[in-house]
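Just so you know, the sequence shown maps onto residues 1 to 554 in full-length UniProt numbering. Virtual Cβ for every residue (Gly too), placed ideally from N, Cα, C. In this text the structure is predicted, and so the values were computed from the model without any measurement.
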Amino acid sequence: MSNADLVILNGRVLTMDPATPRAEALAISGGRILAVGSNADIAALAAPGARRIDAQGGTVLPGLVEAHLHLFAGAFGQRFLQLDGVHGLAALRDKVQAYAKANPQEALLICKAADYNLFGEGVTTTRQLLDQALADRPLILFAGDHHTAWANTAALTAAGLMHGRDTPPGNEVVMAPDGTAAGELREHAAFDPVMVLRSSGGRESLGLLGVEPETPPTPAQRAADLAVMRDGLKLCASYGFTSLHNMDGNRYQLDLLREIEQAGDLICRTEIPFHLTPSKPVSSLAEASELAAEFATDRLSARRVKMFMDGVVDSSTAVMVEDYADRPGWRGEPLHSAERFTEAAIEADRRGLQISVHAIGDGAVRRVLDGYEAARRANGPRDSRHRIEHIEVLHPDDLPRFRELGVVASMQPPHPPGAMDFPLDPWTTKVGAARWPWAFPVSYLRAQGVPIAFASDWPVSDLNPMRGVKAAVMRQPWRDGDPAHACTLHEALHGYTWGGAYAGFAEDRTGKLATGYLADIVIMDRDLEAIPPEELDQARAAITLSEGVPIWEA
1 MSNADLVILN
11 GRVLTMDPAT
21 PRAEALAISG
31 GRILAVGSNA
41 DIAALAAPGA
51 RRIDAQGGTV
61 LPGLVEAHLH
71 LFAGAFGQRF
81 LQLDGVHGLA
91 ALRDKVQAYA
101 KANPQEALLI
111 CKAADYNLFG
121 EGVTTTRQLL
131 DQALADRPLI
141 LFAGDHHTAW
151 ANTAALTAAG
161 LMHGRDTPPG
171 NEVVMAPDGT
181 AAGELREHAA
191 FDPVMVLRSS
201 GGRESLGLLG
211 VEPETPPTPA
221 QRAADLAVMR
231 DGLKLCASYG
241 FTSLHNMDGN
251 RYQLDLLREI
261 EQAGDLICRT
271 EIPFHLTPSK
281 PVSSLAEASE
291 LAAEFATDRL
301 SARRVKMFMD
311 GVVDSSTAVM
321 VEDYADRPGW
331 RGEPLHSAER
341 FTEAAIEADR
351 RGLQISVHAI
361 GDGAVRRVLD
371 GYEAARRANG
381 PRDSRHRIEH
391 IEVLHPDDLP
401 RFRELGVVAS
411 MQPPHPPGAM
421 DFPLDPWTTK
431 VGAARWPWAF
441 PVSYLRAQGV
451 PIAFASDWPV
461 SDLNPMRGVK
471 AAVMRQPWRD
481 GDPAHACTLH
491 EALHGYTWGG
501 AYAGFAEDRT
511 GKLATGYLAD
521 IVIMDRDLEA
531 IPPEELDQAR
541 AAITLSEGVP
551 IWEA
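And the structure:
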């Protein structure tokens, strides 16, 4: 056996390898794991001059996989005003006016993470209330889920929305009884006319729309965008992530990341999908195949198609099998007809592309499963690993279909109301108590043997995976007698490591610590198994390595 150029000693190694689940130390040679074993055995493998890392009793894990994030938008959004924890007009006014003063040249003031109950329980956020916080400049607030926004009168007027606008199904400019815009904007077609006002030109959000910049960015703009991407990658590495599954896509993002890769700075393996929006013809999937062929290195790839089937529960744009509990007769409107989605699923599957679909309501989940089943009938079974993103509500009849069709459940532990940052209402009221046992049903899916990948959906939720692990472990039912759908610590960590690697077809080289695997590793600053669950969110990455090279050191 050749000598190791790097050894990690004195760790609490959780390998995610059933053959050798625990160890003390790792030996690395040439960017791959040479051996897993005891301190004595591994120390003996160190070559003269080899680097030795003392894990100091901290947990050592495979490099974490962020299986659902929006890298460009999330990194750019760090520059916006964050409204986490802000409630009431006085607090909002103080924050917004200070932000406006600090950004005198910005054409649109953008705020993130606004609570649906910003002005109090059951109080609807209106443009008039926002005008009391700031009236003389365009202002828009986004809910944490990024599916609902609220704009003041100046923004609505500048965007031409004061008297409404026709929007596609599932999108809405909410109107007040007096025939003017109320201020609430549901989904992209409603709030994008406001967002085009911003000084950046909106390049950072174009992947969410699946489109390219209308005019080529200037060299200065491109340099700024490269800096944003690098900042996002560094932030991800600081949390222990070594692989990223982006959930919005366009060629511009791929071009930026390829330039970063060619400079040797693509510190996290990143996958960017082709975004098939409702407005694009199914024939545009030919472009997805072209991108998959062009961007096909181990660090940058484009092998997946992303789609949205519905919106979110909080704005009643998620699609349900049965009526919303608080709105009889309303089940939401799917963004793709059954025929259109089936055609797209068959064609993407025929091309050998993986599909991932945002589906939150049980009606949306069912429609996606129907499309995947149709693709299997048309093209024959294969290891497609098609994914469903979120699965906030599942109908019991559809549970066995996940395993039957080989579907990956891509879920976000921070999303259940009350688990981390999201309030119980309006989500729990809209879904209704009868459906609560089947909300975010991770334990039901696990019991069926369904592969599960965990993630944050950053910037919808905090990127910090240890907050997500804590949310998964400490999740509580909303009613006595209902399942908690909580995870053990090992199950939660598995979702952020091997689960994400499997979802990305990378489980043959990442996601576990075993001989021959890439040395993508995170060393935590403490022993995760030795601390109370309440303290899991305090843990951070001490060192993150990609192929044995440190990409983050605290």
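According to the neighbour-count rule (16 or more other Cβ atoms, all chains shown, within 10 Å of its Cβ), is LEU424 buried or exposed?
Translated into positions along the sequence shown, residue 424 becomes position 424. LEU424 counts as exposed, since fewer than 16 other beta carbons sit within 10 angstroms of its beta carbon.
Host beta strand (DSSP E) of VAL473 (start-end):
Here the question's residue 473 lines up with position 473 in the sequence shown. It is not in any beta strand (DSSP E) - VAL473 instead sits in the alpha helix (DSSP H) that spans 465-474.
Contacts around ARG479, its chain only, beta-carbon distance under 7 Å, and the 5 residues preceding and following it disregarded:
If you number the sequence shown from 1, residue 479 lands on position 479. Counting only Cβ-Cβ distances below 7 Å, and skipping sequence neighbours, we find ALA433, TRP436.
For PRO451, which residues of its own chain have a beta-carbon under 6 Å away from its beta-carbon, when the five flanking residues on both sides are left out?
Position 451 of the sequence shown, counting from 1, holds the residue named residue 451. By the criterion of a C-beta distance shorter than 6 Å, PRO451 is surrounded in its chain by VAL408, TYR502, once the five residues flanking it on both sides are discounted.
Reduced DSSP category for HIS390 - H, G, I as helix; E, B as strand; rest coil
Along the sequence shown, one-based indexing puts residue 390 at 390. In the displayed model, HIS390 falls within a strand according to three-state DSSP.
Would you check if the region 219-238 and the region 291-298 touch, i.e. whether three or more CB-CB distances between them fall below 8 Å?
Not touching, per the Cβ criterion.
Which whole-angstrom value describes the C-beta separation of GLY74 and TRP427, a residue pair presumed to lie in contact below a C-beta threshold of 8 Å?
What you label residue 74 is simply residue 74 of the sequence shown in a count that begins at 1. What you label residue 427 is simply residue 427 of the sequence shown in a count that begins at 1. Taking C-beta atoms under 8 Å as the contact rule, GLY74 and TRP427 fail to qualify, at a distance of about 22 Å.
Would you mind stating whether ILE523 and GLY58 have Cβ atoms separated by less than 7 Å?
In the sequence shown, residue 523 corresponds to position 523, counting from 1. In the sequence shown, residue 58 corresponds to position 58, counting from 1. The Cβ-Cβ distance between ILE523 and GLY58 falls below 7 Å.
Let me know the secondary structure DSSP gives GLN354 once reduced to three states.
Here residue 354 refers to the residue found at position 354 when the sequence shown is read from its first residue. Of the three classes helix, strand and coil, the one that applies to GLN354 here is strand, per DSSP.
From LEU81 to PHE142, what distance separates their C-alpha atoms?
In the sequence shown, counting from the first residue as 1, residue 81 sits at position 81. In the sequence shown, counting from the first residue as 1, residue 142 sits at position 142. Approximately 10 Å, taken between the alpha carbons.
With respect to the beta strand (DSSP E) encompassing ILE267, which residues constitute its N-terminal and C-terminal limits?
For the purposes of this step, residue 267 is taken as residue 267 along the sequence shown, with counting starting at 1. Premise fails: ILE267 is in no beta strand (DSSP E) and is neither H nor E.
Using alpha carbons as the reference points, say which of ASP145, ALA190, TRP150 lies closest to THR167.
Locating residue 167 in the sequence shown gives position 167, where the first residue counts as 1. Nearest Cα to THR167 within the set ASP145, ALA190, TRP150: ALA190.
Residues bridged to HIS275 [DSSP beta-bridge criterion]
One-based indexing of the sequence shown puts residue 275 at position 275. Its beta-bridge partners are LYS306.
By a C-beta neighbour count over all protein chains shown, 10 Å radius and 16 as the cutoff for buried, is ASP94 buried or exposed?
As a working mapping, residue 94 is identified with position 94 in the sequence shown. That one is exposed.
Cβ-Cβ separation, PRO278 to HIS336 (assumed contact under 8 Å), whole Å
Residue numbering aside, residue 336 sits at position 336 when the sequence shown is read from its first letter. Residue numbering aside, residue 278 sits at position 278 when the sequence shown is read from its first letter. With a contact defined as Cβ atoms closer than 8 Å, HIS336 and PRO278 qualify at about 6 Å.
First and last residue of the beta strand (DSSP E) that includes TRP150?
Walking along the sequence shown from the start, residue 150 turns up at place 150. That run of the beta strand (DSSP E) goes 148-151.
Tell me the DSSP secondary structure of THR297 in three-state form.
For the purposes of this step, residue 297 is taken as residue 297 along the sequence shown, with counting starting at 1. The answer is coil: DSSP assigns THR297 none of H, G, I, E or B.
Can you tell me whether residue 624 is buried or exposed? The criterion is at least 16 other CB atoms within 10 Å of its CB, across all chains shown.
The structure shown does not extend to residue 624, since the chain spans only 1 to 554, so no value can be given for it.
Compute the beta-carbon to beta-carbon distance between GLY11 and VAL60, rounded to the nearest angstrom, for a pair I have assumed lies under 8 Å.
Position 11 of the sequence shown, counted from the start, is the residue given in the question as residue 11. Position 60 of the sequence shown, counted from the start, is the residue given in the question as residue 60. Contact holds; Cβ gap of about 4 Å.
Just curious, the alpha helix (DSSP H) that PHE402 is in, first and last residue?
In the sequence shown, counting from the first residue as 1, residue 402 sits at position 402. 399-405 is the span of the alpha helix (DSSP H), which, as asked, contains PHE402.
Between which two residues does the alpha helix (DSSP H) carrying TRP498 extend?
In the sequence shown, counting from the first residue as 1, residue 498 sits at position 498. Boundaries of the alpha helix (DSSP H) around TRP498: 498-503.
Close beta carbons around PRO550, own chain, < 8 Å, minus the five adjacent residues each side:
In the sequence shown, counting from the first residue as 1, residue 550 sits at position 550. Close CB contacts of PRO550 within its chain, under the 8 Å cut and outside five residues either way in sequence, are with ILE543, THR544 (chain order).
Where does CYS487 fall in DSSP's three states?
On the sequence shown, residue 487 is found 487 positions in, with the first residue counted as 1. In the structure shown, CYS487 sits in coil (DSSP, three-state: anything other than H, G, I, E or B).
Can you find the residues in the same chain that come closer than 8 Å, C-beta to C-beta, to ALA35, ignoring five residues on each side of it along the sequence?
In the sequence shown, residue 35 corresponds to position 35, counting from 1. MET1, ALA4, LEU26, ALA27, ASP41, ILE42, LEU45, THR515, listed in sequence order.
CA-to-CA distance, ASN39 to VAL282, given in whole angstroms
Taking the first residue of the sequence shown as 1, we reach residue 282 at position 282. Taking the first residue of the sequence shown as 1, we reach residue 39 at position 39. Looking at the two C-alpha atoms, the distance is approximately 55 Å.
Cβ neighbours of LEU9 in the same chain (closer than 8 Å, five flanking residues each side left out):
Within the sequence shown, numbered from 1, the residue matching residue 9 stands at position 9. Excluding positions up to five away in sequence, the list reads GLU24, ALA25, ASN39, ILE42, ALA43, ARG52, ILE53, ASP54, ALA55.
Report the partner residues of ASN246 according to the DSSP bridge assignment.
Residue 246 sits at position 246 when you count from the first residue of the sequence shown. Here ASN246 is bridged, per DSSP, to LEU69.
I'd like to check one pair, ALA318 with ILE360: are the Cβ atoms closer than 7 Å?
For the purposes of this step, residue 360 is identified with residue 360 of the sequence shown, where counting begins at 1. For the purposes of this step, residue 318 is identified with residue 318 of the sequence shown, where counting begins at 1. Their beta carbons are under 7 Å apart, which means ILE360 touches ALA318 by this criterion.
Output yes or no for whether 7 Å exceeds the beta carbon distance between VAL393 and ASP362.
Residue numbering aside, residue 393 sits at position 393 when the sequence shown is read from its first letter. Residue numbering aside, residue 362 sits at position 362 when the sequence shown is read from its first letter. Contact: yes.
Does the distance from the C-beta atom of LEU405 to that of TYR444 stay below 7 Å?
Working through the sequence shown from its first residue, we reach residue 405 at position 405. Working through the sequence shown from its first residue, we reach residue 444 at position 444. No, the pair does not count as a contact, with Cβ atoms beyond the cut-off.
Using 8 Å for Cβ pairs, my map puts GLY504 next to SER243. What's the rounded Cβ distance?
The count along the sequence shown starts at 1 and reaches residue 504 at position 504. The count along the sequence shown starts at 1 and reaches residue 243 at position 243. Yes, they are in contact, since the Cβ atoms of GLY504 and SER243 sit about 7 Å apart, within 8 Å.
Could you tell me whether the Cβ atoms of ASP131 and ASN152 are closer together than 7 Å?
Here residue 131 refers to the residue found at position 131 when the sequence shown is read from its first residue. Here residue 152 refers to the residue found at position 152 when the sequence shown is read from its first residue. The criterion of a C-beta distance shorter than 7 Å is satisfied by ASP131 and ASN152.
Indicate the three-state DSSP secondary structure (helix, strand or coil) for LEU208 in the structure shown.
For the purposes of this step, residue 208 is identified with residue 208 of the sequence shown, where counting begins at 1. The answer is helix: DSSP assigns LEU208 an H, G or I state.
Quick one: complete alpha helix (DSSP H) runs, 4+ long, within the region 164-198?
With a minimum length of 4 residues, the continuous alpha helix (DSSP H) runs that stay inside the region 164-198 are 188-195.
By a C-beta neighbour count over all protein chains shown, 10 Å radius and 16 as the cutoff for buried, is VAL13 buried or exposed?
Numbered from its first residue, the sequence shown carries residue 13 at position 13. It is buried - the Cβ of VAL13 has at least 16 other Cβ atoms within 10 Å.
When you compare the CB positions of ARG165 and VAL173, do they come within less than 7 Å of one another, or not?
As a first step, residue 165 is located in the sequence shown; it is residue number 165 there, counting from the start. As a first step, residue 173 is located in the sequence shown; it is residue number 173 there, counting from the start. A distance below 7 Å separates the beta carbons of ARG165 and VAL173.
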